[in-house]
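> My structure is below; once you've seen it, I'll send some questions.
2 protein chains.
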Amino acid sequence: MSAGRNTLDDVVRAAARLFAQRGYHGTSMRDLGRELGLMGSSLYSHVGSKQDLLVEVVRRGAAFFGEVVERAMETEGDAIDRLRALVAGHVDVVVDHHDEVRTYLYEAWALDDEHRRRVVEARDRYEQAFRSVIKEGIAEGSIRPDTDPKLAGIFLLSILNALERWYREDGPVDRSRLVEEILRFSLDGIAADRL
Amino acid sequence: MSAGRNTLDDVVRAAARLFAQRGYHGTSMRDLGRELGLMGSSLYSHVGSKQDLLVEVVRRGAAFFGEVVERAMETEGDAIDRLRALVAGHVDVVVDHHDEVRTYLYEAWALDDEHRRRVVEARDRYEQAFRSVIKEGIAEGSIRPDTDPKLAGIFLLSILNALERWYREDGPVDRSRLVEEILRFSLDGIAADRL
DNA sequence: CCTACCGATCGGTAGG
DNA sequence: CCTACCGATCGGTAGG
Numbered sequence: 001m002s003a004g005r006n007t008l009d010d011v012v013r014a015a016a017r018l019f020a021q022r023g024y025h026g027t028s029m030r031d032l033g034r035e036l037g038l039m040g041s042s043l044y045s046h047v048g049s050k051q052d053l054l055v056e057v058v059r060r061g062a063a064f065f066g067e068v069v070e071r072a073m074e075t076e077g078d079a080i081d082r083l084r085a086l087v088a089g090h091v092d093v094v095v096d097h098h099d100e101v102r103t104y105l106y107e108a109w110a111l112d113d114e115h116r117r118r119v120v121e122a123r124d125r126y127e128q129a130f131r132s133v134i135k136e137g138i139a140e141g142s143i144r145p146d147t148d149p150k151l152a153g154i155f156l157l158s159i160l161n162a163l164e165r166w167y168r169e170d171g172p173v174d175r176s177r178l179v180e181e182i183l184r185f186s187l188d189g190i191a192a193d194r195l
Numbered sequence: 196m197s198a199g200r201n202t203l204d205d206v207v208r209a210a211a212r213l214f215a216q217r218g219y220h221g222t223s224m225r226d227l228g229r230e231l232g233l234m235g236s237s238l239y240s241h242v243g244s245k246q247d248l249l250v251e252v253v254r255r256g257a258a259f260f261g262e263v264v265e266r267a268m269e270t271e272g273d274a275i276d277r278l279r280a281l282v283a284g285h286v287d288v289v290v291d292h293h294d295e296v297r298t299y300l301y302e303a304w305a306l307d308d309e310h311r312r313r314v315v316e317a318r319d320r321y322e323q324a325f326r327s328v329i330k331e332g333i334a335e336g337s338i339r340p341d342t343d344p345k346l347a348g349i350f351l352l353s354i355l356n357a358l359e360r361w362y363r364e365d366g367p368v369d370r371s372r373l374v375e376e377i378l379r380f381s382l383d384g385i386a387a388d389r390l
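So the protein lines, in turn, are chains A and C.
If you number the first sequence the way the working numbering does, the last residue is 195 and the count never jumps.
If you number the second sequence the way the working numbering does, the last residue is 390 and the count never jumps.
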């Protein structure tokens with residue numbers, strides 16, 4: 001839509017958009033060319049293959065989440081503060097980089113074995129961060145000692161990853177309220193206090 | 196793998212398996228034929244088109260969840276009992292009909308407009324069931340009155356829908372414990388009691 | 001970034 | 001359920 005030639009970054013962003021919308025196998029190089037106003041074959045002056053594009057989009061998605069963990073782990077305070085930083089950071093990434101996140105979450109299976117393996121590793125590390133913060137919380141007494149850190153981590157991550165499917169910032173819930181609602185649900189649950 | 200000719204049901208089940216594994220656009224009719232031990236073109240004596248297969252797999256997935264709501268709503272007792280029935284029923288469907296569920300959740304976007312519209316409606320009705328049980332719980336005093344039924348319903352459903360991605364029944368957590376862990380997380384949260 | 005093209009594969013049909 | 005095939009589209013290349 002803008003004037004002049006497309007940069008590699010334009011191509012990768014458009015690929016993220018289409019991969020997120022119709023999936024990797026549902027997107028052809030000619031579709032992507034149309035999106036950028038050029039012939040499908042012209043894309044090969046920017047990129048070596050369609051698979052390379054998927055690799056790069058997924059790499060960007062993974063990198064955003066990697067930064068979330070880094071920043072959250074540096075957060076001063078107790079485990080709940082770090083948990084809040086993880087949740088807030090995750091929400092920011094999902095909202096600000098929706099297409100890369102969606103491709104990272106749902107199209108990584110279309111990668112070759114080696115790249116897919118790396119994605120699985122990155123996800124494990126990410127899950128591990130949630131798990132260790134929960135363990136920290138148990139140790140310091142802010143989280144219930146009978147909590148299963150693995151299950152609790154998966155449940156919280158399930159809520160966070162699903163945001164991409166329904167949350168839109170122009171809706172009735174703003175970002176900071178969303179973060180508090182997720183923390184409230186996960187920390188306190190929805191049951192009335194049982195006396 | 197079994198002797199004799201394939202039935203329509205065999206074809207639909209194999210389609211569910213491949214659609215779940217590689218996606219609708221990642222599965223060719225020849226792939227599906229290979230899975231069943233016949234030529235891709237022979238599938239057209241069982242089915243009118245590839246799209247028809249997707250429609251049928253998705254329809255089955257939707258039907259399983261429809262039955263969960265029906266049974267749960269007939270459950271005697273209070274709102275928490277009905278919520279437990281929804282969670283247990285959902286877990287059963289995900290475990291027992293994994294491929295149909297996965298296709299229903301992640302490949303329905305590849306349907307034509309009319310069928311996709313119906314899927315969106317079915318999902319809305321399903322979400323609505325969770326929401327009304329939560330409202331019931333608020334009215335009867337078992338669920339905290341400041342709970343947002345819409346958000347809480349989405350959060351719980353996020354946990355349930357994500358099960359398909361990680362839960363395997365041959366792992367360390369059995370079905371009934373999984374149900375109790377999900378209910379515990381959602382109802383009580385993981386925070387230590389704040390005095 | 002385009003034109004002109006390649007072999008492979010796609011969903012699907014005709015006829016048996 | 002198979003053989004033989006159809007036109008369309010796929011990812012990608014050569015040469016400019």
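Note that the Cβ used here is the ideal one computed from N, Cα and C, for glycine as well.
1. Rounded to whole angstroms, how far is the Cβ of A/Ile138 from the Cβ of A/Pro145, which I believe are closer than 8 Å?
2. Out of A/Asp92, A/Leu38, A/Asp10 and A/Arg102, which has the shortest C-alpha to C-alpha gap to A/Gln21?
3. Exposed or buried, what is C/Ser381 when buried is set at 16 or more other beta-carbons lying within 10 Å of its beta-carbon?
4. Cα-Cα, which of A/Arg17, A/Val58 and A/Val11 is closest to A/Met39?
5. Given this structure, state the Cα-to-Cα distance separating C/Tyr219 from C/Val250, to the nearest angstrom.
6. Along the region 116-144 of chain A, where does the CB come closer than 9 Å to a CB of chain C? Name the residues.
7. Shorter than 8 Å from the beta carbon of A/Arg6 to some beta carbon of chain C?
8. If the cut is a Cβ gap below 9 Å, which residues of chain A does C/Glu359 touch?
9. Let me know the secondary structure DSSP gives C/Ile338 once reduced to three states.
10. What residues of chain A sit near C/Ala347, judged by a beta carbon separation below 9 Å?
11. Check each residue of the region 216-228 of chain C: if its Cβ is closer than 9 Å to any Cβ of chain A, include it; give the result in chain order.
12. Thinking C/Glu376 and A/Asp148 are a contact (beta carbons under 8 Å), I'd like their distance in whole angstroms, please.
13. For A/Ala191, which of helix, strand or coil comes out of DSSP?
14. Based on Cα-Cα distance, which residue from C/Leu203, C/Tyr321 and C/Gly221 lies nearest to C/Lys345?
15. Measure how close the beta-carbons of A/Arg131 and A/Gly153 come, nearest whole angstrom, since I'm counting them as under 8 Å.
16. In chain C, which residues lie less than 8 Å from A/Thr147 when you measure between Cβ atoms?
17. Could you work out which residue in C/Gly284, C/Leu227 and C/Glu316 is closest to C/Phe259 when comparing CA atoms only?
18. Roughly how far, in whole angstroms, is the beta-carbon of A/Ala192 from the beta-carbon of C/Ser337, given that I think they are within contact range, below 8 Å?
19. Could you pull out every residue in the same chain whose Cβ sits closer than 7 Å to the Cβ of C/Tyr299, ignoring the five residues on either side in sequence?
20. Confirm, please, whether the CB-CB distance from A/Tyr167 to A/Leu178 is below 8 Å.
By the coordinates alone:
1. Right, the Cβ-Cβ distance comes to about 5 Å (below 8 Å), so this counts as a contact.
2. Minimum Cα distance to A/Gln21 is reached at A/Arg102.
3. Buried is the call here.
4. Measuring from the Cα of A/Met39, the nearest candidate turns out to be A/Val11.
5. So the alpha carbons of these two residues sit roughly 11 Å apart.
6. Interface annotation for the region 116-144 of chain A against chain C: Ile134, Gly137, Ile138, Gly141, Ser142, Ile143 and Arg144, criterion Cβ-Cβ distance under 9 Å.
7. One detail in the question is off: residue 6 of chain A reads as Asn in this sequence, not Arg. For A/Asn6, the answer is no, since every Cβ of chain C falls outside 8 Å of its Cβ.
8. The premise fails here: C/Glu359 is roughly 10 Å from chain A at the closest Cβ pair, so nothing lies under 9 Å.
9. In this structure, C/Ile338 counts as strand in the three-state DSSP scheme.
10. Within 9 Å Cβ-Cβ: Glu181, Phe185 and Ile190.
11. Those residues of the region 216-228 of chain C that come within reach of chain A (Cβ to Cβ, closer than 9 Å) are Gln216, Arg217, Gly218, Tyr219, His220, Gly221 and Thr222.
12. With a Cβ gap of about 7 Å, C/Glu376 and A/Asp148 count as contacting.
13. If DSSP states are grouped into helix, strand and coil, A/Ala191 belongs with the strands.
14. Of the residues C/Leu203, C/Tyr321 and C/Gly221, the one whose Cα lies closest to the Cα of C/Lys345 is C/Tyr321.
15. That pair is a contact at about 4 Å.
16. Near A/Thr147 (Cβ distances below 8 Å), the residues of chain C are Ile385.
17. Ranking the options by Cα distance to C/Phe259, first place goes to C/Gly284.
18. With a Cβ gap of about 6 Å, A/Ala192 and C/Ser337 count as contacting.
19. Here the set comprises Val253, Gly256 and Ala257.
20. The answer is yes: Cβ separation under 8 Å.
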